[in-house]
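What follows is a set of notes on a single structure, which appears directly below.
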Amino acid sequence: MSGTTSQADPIDATARIVLLNRAQTTKFCDNHVSTAKYGILTFLPRFLYEQIRRAANAFFLFIALMQQIPDVSPTGRYTTLVPLIFILTVAGIKEIIEDYVILRNGAWQTIIWKQVAVGDLVKVTNGQHLPADMVIVSSSEPQAMCYTETSNLGFKSITCLLFVKCVFQGLSLTASFQSLEELMALTGRLECEGPNRHLYDFTGTLRLDNHNPVPLGPDQVLLRGAQLRNTQWVVGIVVYTGHDSKLMQNSTKAPLKRSNVERVTNMQILVLFGILLVMALVSSIGAAIWNKQHTDEACWYLSRDISLNFWYNLLTFIILYNNLIPISLLVTLEVVKFTQALFINWDVEMYYAETDTPAMARTSNLNEELGQVKYLFSDKTGTLTCNIMHFKKCTIAGITYGHLPSTSHNSTEFDDPALIQNIEKNHPTSPQICEFLTMMAVCHTVVPEREGNQIIFQASSPDEGALVKGAKSLGFVFTARTPHSVIIEAVSMCFRLPVFTVLLCVAVFSSATRATLTAHCSSLGDNLRKENELALIIDGQTLKYALSFEVRQAFLDLALSCKAVICCRVSPLQKSEIVDMVKKHVKAITLAIGDGANDVGMIQTAHVGVGISGNEGMQATNSSDYSIAQFSYLEKLLLVHGAWSYNRVTKCILYCFYKNVVLYIIELWFAFVNGFSGQILFERWCIGLYNVIFTALPPFTLGIVDRPCSQQNMLRFPQLYRITQNAEGFNTKVFWGHCINALIHSIILFWFPLKVLEHDTPFDNGNSVDYLFVGNIVYTYVVVTVCLKAGMETTAWTRFSHLAVWGSMVLWMLFFAVYSAIWPTIPIAPDMLGQAGRVMQCWSFWLGLILVPTACLLKDVVWNAGRRTVRKTLLEEVQELEARAVDPGAAVLRDASGRSLNERAHLLTRVFRKTPSSVGRSNSVQQTVSHGYAFSQEEHGVVSQSEVVRSYDTTRQRPSL
Numbered sequence: 018m019s020g021t022t023s024q025a026d027p028i029d030a031t032a033r034i035v036l037l038n039r040a041q042t043t044k045f046c047d048n049h050v051s052t053a054k055y056g057i058l059t060f061l062p063r064f065l066y067e068q069i070r071r072a073a074n075a076f077f078l079f080i081a082l083m084q085q086i087p088d089v090s091p092t093g094r095y096t097t098l099v100p101l102i103f104i105l106t107v108a109g110i111k112e113i114i115e116d117y118v119i120l121r122n123g124a125w126q127t128i129i130w131k132q133v134a135v136g137d138l139v140k141v142t143n144g145q146h147l148p149a150d151m152v153i154v155s156s157s158e159p160q161a162m163c164y165t166e167t168s169n170l171g172f173k174s175i176t177c178l179l180f181v182k183c184v185f186q187g188l189s190l191t192a193s194f195q196s197l198e199e200l201m202a203l204t205g206r207l208e209c210e211g212p213n214r215h216l217y218d219f220t221g222t223l224r225l226d227n228h229n230p231v232p233l234g235p236d237q238v239l240l241r242g243a244q245l246r247n248t249q250w251v252v253g254i255v256v257y258t259g260h261d262s263k264l265m266q267n268s269t270k271a272p273l274k275r276s277n278v279e280r281v282t283n284m285q286i287l288v289l290f291g292i293l294l295v296m297a298l299v300s301s302i303g304a305a306i307w308n309k310q311h312t313d314e315a316c317w318y319l320s321r322d323i324s325l326n327f328w329y330n331l332l333t334f335i336i337l338y339n340n341l342i343p344i345s346l347l348v349t350l351e352v353v354k355f356t357q358a359l360f361i362n363w364d365v366e367m368y369y370a371e372t373d374t375p376a377m378a379r380t381s382n383l384n385e386e387l388g389q390v391k392y393l394f395s396d397k398t399g400t401l402t403c404n405i406m407h408f409k410k411c412t413i414a415g416i417t418y419g420h421l422p423s424t425s426h427n428s429t430e431f432d433d434p435a436l437i438q439n440i441e442k443n444h445p446t447s448p449q450i451c452e453f454l455t456m457m458a459v460c461h462t463v464v465p466e467r468e469g470n471q472i473i474f475q476a477s478s479p480d481e482g483a484l485v486k487g488a489k490s491l492g493f494v495f496t497a498r499t500p501h502s503v504i505i506e507a508v509s510m511c512f513r514l515p516v517f518t519v520l521l522c523v524a525v526f527s528s529a530t531r532a533t534l535t536a537h538c539s540s541l542g543d544n545l546r547k548e549n550e551l552a553l554i555i556d557g558q559t560l561k562y563a564l565s566f567e568v569r570q571a572f573l574d575l576a577l578s579c580k581a582v583i584c585c586r587v588s589p590l591q592k593s594e595i596v597d598m599v600k601k602h603v604k605a606i607t608l609a610i611g612d613g614a615n616d617v618g619m620i621q622t623a624h625v626g627v628g629i630s631g632n633e634g635m636q637a638t639n640s641s642d643y644s645i646a647q648f649s650y651l652e653k654l655l656l657v658h659g660a661w662s663y664n665r666v667t668k669c670i671l672y673c674f675y676k677n678v679v680l681y682i683i684e685l686w687f688a689f690v691n692g693f694s695g696q697i698l699f700e701r702w703c704i705g706l707y708n709v710i711f712t713a714l715p716p717f718t719l720g721i722v723d724r725p726c727s728q729q730n731m732l733r734f735p736q737l738y739r740i741t742q743n744a745e746g747f748n749t750k751v752f753w754g755h756c757i758n759a760l761i762h763s764i765i766l767f768w769f770p771l772k773v774l775e776h777d778t779p780f781d782n783g784n785s786v787d788y789l790f791v792g793n794i795v796y797t798y799v800v801v802t803v804c805l806k807a808g809m810e811t812t813a814w815t816r817f818s819h820l821a822v823w824g825s826m827v828l829w830m831l832f833f834a835v836y837s838a839i840w841p842t843i844p845i846a847p848d849m850l851g852q853a854g855r856v857m858q859c860w861s862f863w864l865g866l867i868l869v870p871t872a873c874l875l876k877d878v879v880w881n882a883g884r885r886t887v888r889k890t891l892l893e894e895v896q897e898l899e900a901r902a903v904d905p906g907a908a909v910l911r912d913a914s915g916r917s918l919n920e921r922a923h924l925l926t927r928v929f930r931k932t933p934s935s936v937g938r939s940n941s942v943q944q945t946v947s948h949g950y951a952f953s954q955e956e957h958g959v960v961s962q963s964e965v966v967r968s969y970d971t972t973r974q975r976p977s978l
């Protein structure tokens, strides 16, 4: 985040003095807040710092610098520097695009907010967000009360009551200042504590001229980001702005999340770097031995211009073998993941038209992590449920009225004429019916507001709104509220009923958590920490003890032994602690999903955080890695996009390492025949362009357009998700299996052509071949082999796949022809002059072009065919059925236990089945406002519920400012 803070320290901040209606004598923080990662001046240093922190980029920067030392690099001075600059440029463009998108979707975009300053008198109207922290002066409500929705401040969407207490004389006087002239006439100063992060604390004094000082507390402070509700207007004195506001003081940078695939890849890069050092060390020792055995006198025919310094040679071989680590891997993954994120954003099946909300990948770094989730942590209200309620059915005096919703009965209204008929016909239960409906109309904290002839019910919860609306539809209409009564109209009659105080009894919980957990764990025996057909239900009070250090492990063991764990009435911190416990003690990927600000903690703690754009504000969405509009969309996000992304990313990584090992390990084999002199087999720019041009397209097609099977079958067979969930496609064993396979291919690609050309003269004129002639042949075989290998790894051929595989081969051949003819017109690569013509005239080249790649890939074909014959996986069965254009759903596929996968998939898909969007929406309370806002407030607040109710009178007209 950018922006400056005030001169006071945010923790030990000194008190500040705010002058009213006068210029401030102290310079305070401005109200500008930016959530962008970069600024115009900070982009370059911060971006370079982020890139160089990556081990691979730091390594290649080191190589590029070492190549600038004269006569050290056998591959030239710019063969690493130029590709590195290109790669960093692409990564920089991607960062700019992503940062721009985040900035435009962040909060606080209203330009007027930047002009708000400390000491200003600010008026905020109903529905607007508060631009800064401010002390209330007056409002449209009785006793200068106002109501705010605080979901952006770290709470679930509860309506928090804030008002100026009448017991203070000065504040009662300001509560009456409701005209512009009275407000402008205010003079004096406001003394308060300095900026801090304590949301519930505030200490200050209001000193108005000609009035006694009045103390101020947290109940008089409106916080930046809160939304004004049920209050026509409020006027306040700004005390904290920008990064001094309590909201910004509490905001923390999102944790840096790295995917499990990235962590495994980084570890393999470090191991590969160790192997590179060993190769350089062996080559340096080999050079020392060869130079000792072959003196100048014995090798008088050689130009002895090589160094005899061991460490000098070691640096030379490090530079020679540096491309063993793919320089293009990181930028390839950046582009691949960015494109995958666009696929998520563009998915029309995850677009919720009712609120015009598409799915959004707020980061592209965790796409593959979506395919490995084992533990799902979900909020309930607003996430698993839509938090939308309708009055559908009731039982009065033993008689049931109403109909439950069904596929053939989608009405959102109470539909049973028998209830009204029993009232009109004086049924014996008529008094009970009237009493029941009367209670529905009066026992609540709903505020009725009139817009013309229409009554709008502002409810603190959907159930209250549903009951009051249900009563209204049955003729019992709640019309007004006064401090001492509520007014309803019932069947052409009007009642004024007194308000009573209701006492609630709360039982005190006595915990025996340790004994209970120990008993349950003992009863499971050997099944402990194994999946059992059990569910664990625990409330927040018990959870407080279960998460303590003494019994935490027992609670975790019991939880892992159950298929589902339900935690009731838990705090945001407890949610985060549960996720953190599983994340740290279980080697599995976790995902947390929620829609409210109280879910932010667990969303940021989990490996992957998903926010739902629901009725609880945007805090969860803004803090998430991915956002969706409906919980049902999570199915496709994980089973399709997650599994596809994992397969694509892992294939891309494995292929990048494979093709680099194939080419660059050949330089080690060549060292054994050139006396470990550091001589390169290939032309230097051919080496540099191998990853950037000639084999650049296959990784992109594998990472962007390839897929294991269709999305219909990914959803039809959720068991396919286990393949990615268990990391079967990418682990240490698989990684080194590909590297060993590449090692074998490199042996075939180098030694076969070398032995063919070793004792033969391929030209009619008797001219012999040089090292570059052999190098160009081997290079051509390598390009053809790795491109065909990409084709073998492709499971879904598209036009892009064909372009990548065949186009890359053609591109190299065209480049080879042109590159061999440009000197001296373009003064580079004089050694390449005429090489293409000589290679094309060699009959053994064309024979080897067929035999050598075939010899390499024949082993892979036989291995895959044998494995599929002996042990065919479910994925391979589905792929074969798709290839034969057979519907896998019609075939009977079974798992290892013999159970039909089709039946299980049918049952599992019901879990995520989406309720028709037309049901229960069009007439809901949430269509008029995001959700209800009335007298609901925090428990144990400074104002009791009865005080609030009795101070409100909807029959009186509110003052205007």
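According to the working numbering, the sequence shown holds residues 18 to 978 in order. Just so you know, even glycine gets a beta-carbon here, dropped at the ideal spot from N, CA and C.
Have a look at the DSSP bridge pairing and note the partners of residue i.
i	result
LYS131	None; LYS131 has no bridge partner.
GLU208	ILE34, THR222
LEU138	ILE254
ALA581	ALA552
MET151	LEU239, VAL255
LEU393	LEU608
VAL625	LEU608
What is the DSSP secondary structure of residue i, reduced to helix, strand or coil?
i	result
PRO465	strand
VAL936	Residue confidence for VAL936 is low, a pLDDT of 32 falling below 50, so the modelled location carries little weight and cannot support an answer.
VAL635	Correcting the residue identity first, residue 635 is Met in this sequence and not Val. It is coil, neither helix nor strand.
THR31	coil
HIS49	coil
THR535	helix
HIS146	strand
ASP556	strand
ASN382	coil
ALA609	strand
THR374	strand
PHE952	Its pLDDT being 41, under 50, PHE952 is placed unreliably by the model, and the measurement read from it follows with that caveat. Correct three-state label for PHE952: coil.
TYR650	helix
LYS410	strand
Between residue i and residue j, how many whole angstroms is the CB-CB distance? I'm expecting something under 8 Å.
i	j	result
GLU481	THR462	7 Å
LEU698	GLU684	6 Å
VAL679	ALA759	5 Å
LEU831	TRP840	No, LEU831 and TRP840 are not in contact; Cβ-Cβ is about 17 Å, not under 8 Å.
Measure the C-alpha to C-alpha separation of residue i and residue j and round it to an integer number of angstroms.
i	j	result
GLU112	ARG63	11 Å
VAL525	SER565	Caution is warranted here: a pLDDT of 38 is assigned to VAL525, below 50, making its placement in the model unreliable, and the coordinate value is therefore given only provisionally. One C-alpha to the other measures close to 20 Å.
ARG733	ASP236	54 Å
ASP433	ARG546	51 Å
LEU78	SER649	46 Å
LEU892	THR886	14 Å
GLY45	SER262	Looking at the sequence itself, residue 45 is Phe, so the reference to Gly does not match. Their Cα atoms are separated by approximately 11 Å.
VAL494	PHE408	15 Å
ALA243	HIS146	6 Å
7 Å is my cut-off, CB to CB: does residue i come that close to chain D?
i	result
CYS585	Absent from the structure: chain D. Only one protein chain is present.
*Would you call the stretch 256-268 and the stretch 602-615 touching, i.e. three or more CB-CB distances under 8 Å?*
no
_Cβ contact (3+ pairs, closer than 8 Å) linking the stretch 383-393 and the stretch 681-700_ = no
_Any 3 or more C-beta pairs closer than 8 Å across the stretch 334-342 and the stretch 290-305_ = yes
*the stretch 369-381 contacting the stretch 576-585, beta-carbon criterion three pairs below 8 Å*: no
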